[in-house]
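Shown next, in structure tokens, is the structure this report addresses.
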Amino acid sequence: MGPINVAVVDDQPLVASAFEMLLADEPDFRVLTGGRTGRDAVRLCREQPVDVLLLDIRMPEMDGVAATREIVRAGPRPRVIVLTTFNVDSYVVEAVSAGAAGFLLKDCEPHELPAAIRAVHAGGAVISPTATTHLFDAYRRGGATPDQPPAGAHRTLSGLSPRELDVLGLIAIGHTNSEVAERLCIAETTVKTHVRNLLTKLGCRDRVALVVLAHAAGLVR
């Protein structure tokens with residue numbers, strides 16, 4: 001398997017350079033030339049083989065939410081991780097609703113960023129713990145994001161099998177399919193089947209929605 005192609009789009013050059021320098025030290029990453037605006041992000045994803053895009057949420061010309069929505073609409077790649085210095089609930093909900101696979105604050109620990117990139121590249125979902133709190137609140141207010149169940153999500157778990165609950169619990173704390181398979185001593189293809197069933201039964205669009213629902217339902221403390 002080749003390196004993970006990563007690009008950073010942020011309107012602050014020093015911030016973008018710092019992230020690029022951090023990621024360049026990872027042997028399994030290849031850092032591509034990034035951009036400064038949301039329109040740069042959309043163009044970059046059309047023209048370059050980006051696997052994971054780190055995208056600032058507040059940028060000129062087109063913000064990170066609008067750019068994420070357009071990028072996700074175009075296809076399954078790249079996976080988008082939205083970055084921000086602002087722990088604001090509306091940003092979190094809008095980013096997840098737009099299709100972001102991850103949401104991290106820029107003051108996260110240095111090791112968390114490479115780990116998040118690997119997780120979303122493998123099909124996982126990563127949300128900053130403090131940001132997740134805002135998503136829970138959105139559920140409780142009934143302001144769930146599109147394609148997700150409303151508040152009272154705990155009631156929807158009653159129709160899941162014990163194994164599906166096991167899989168959901170591990171997904172909710174950031175494990176990839178291969179890691180879930182290893183933890184539960186089952187085949188990765190079996191995990192994928194469980195994930196598809198979970199998405200269908202719970203009415204969720206993607207793994208990010210599963211993560212939020214699991215926390216909102218109290219499956220993960």
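For the sequence shown, position 36 matches number 36 in UniProt numbering, and the numbering has no gaps at all.
Where is the CB? At the ideal position from N, CA and C, for every residue including glycine.
Keep in mind it's a predicted model, so treat the numbers as computed, not measured.
Short Cβ contact (8 Å threshold) for residue i with residue j
i       : j       : result
Glu-188 : Asn-177 : yes
Gly-99  : Val-72  : yes
Ile-81  : Val-208 : no
Lys-106 : Leu-160 : no
Ala-124 : Gly-64  : Just to set this straight, residue 124 is Gly in the shown sequence, not Ala. Not closer than 8 Å, so no.
Asp-10  : Pro-60  : no
Ala-172 : Val-120 : no
Ala-18  : Ala-41  : no
Leu-157 : Ala-217 : yes
Met-62  : Arg-43  : no
Chain-order list of residues whose beta-carbon lies under 6 Å from that of residue i (same chain, five-residue window excluded)
i       : result
Gln-48  : Leu-32
Thr-85  : Lys-106
Val-195 : none
Those residues which DSSP pairs with residue i across a bridge
i       : result
Val-9   : Gly-35 and Leu-55
Leu-104 : Leu-83
Arg-30  : Asn-5
Val-42  : Partner(s): none; Val-42 has no beta bridge.
Ile-171 : The partner list for Ile-171 (beta bridge, DSSP) is empty, contrary to what the question assumes.
Val-126 : Gly-102
Per-residue burial, residue i [other beta carbons within 10 Å of its own, 16 or more giving buried]
i       : result
Pro-146 : Any reading at Pro-146 needs caution, since the residue's pLDDT is 40, under 50, leaving its predicted position unreliable; the model's value is listed next. By the neighbour-count rule (16 or more Cβ atoms within 10 Å), Pro-146 is not buried but exposed.
Ala-144 : Only weak support exists for where Ala-144 lies, its pLDDT of 47 falling under 50; the value from the coordinates is given anyway. It is buried - the Cβ of Ala-144 has at least 16 other Cβ atoms within 10 Å.
Ser-97  : buried
Met-21  : exposed
His-111 : exposed
Cys-185 : exposed
Glu-94  : buried
Arg-79  : buried
Ala-74  : exposed
Leu-104 : buried
Thr-193 : exposed
Pro-13  : exposed
Arg-69  : buried
7 Å CB neighbourhood of residue i in its chain, flanking five on each side removed
i       : result
Val-191 : Val-167, Asn-177, Val-180 and Ala-181
Pro-3   : Asp-28, Phe-29 and Arg-30
Neighbourhood of residue i by C-beta distance below 8 Å, restricted to the same chain and skipping five residues each side
i      : result
Val-6  : Leu-23, Phe-29, Arg-30, Val-31, Leu-32, Val-50, Asp-51, Val-52, Leu-53, Leu-54 and Ile-117
Asp-25 : none
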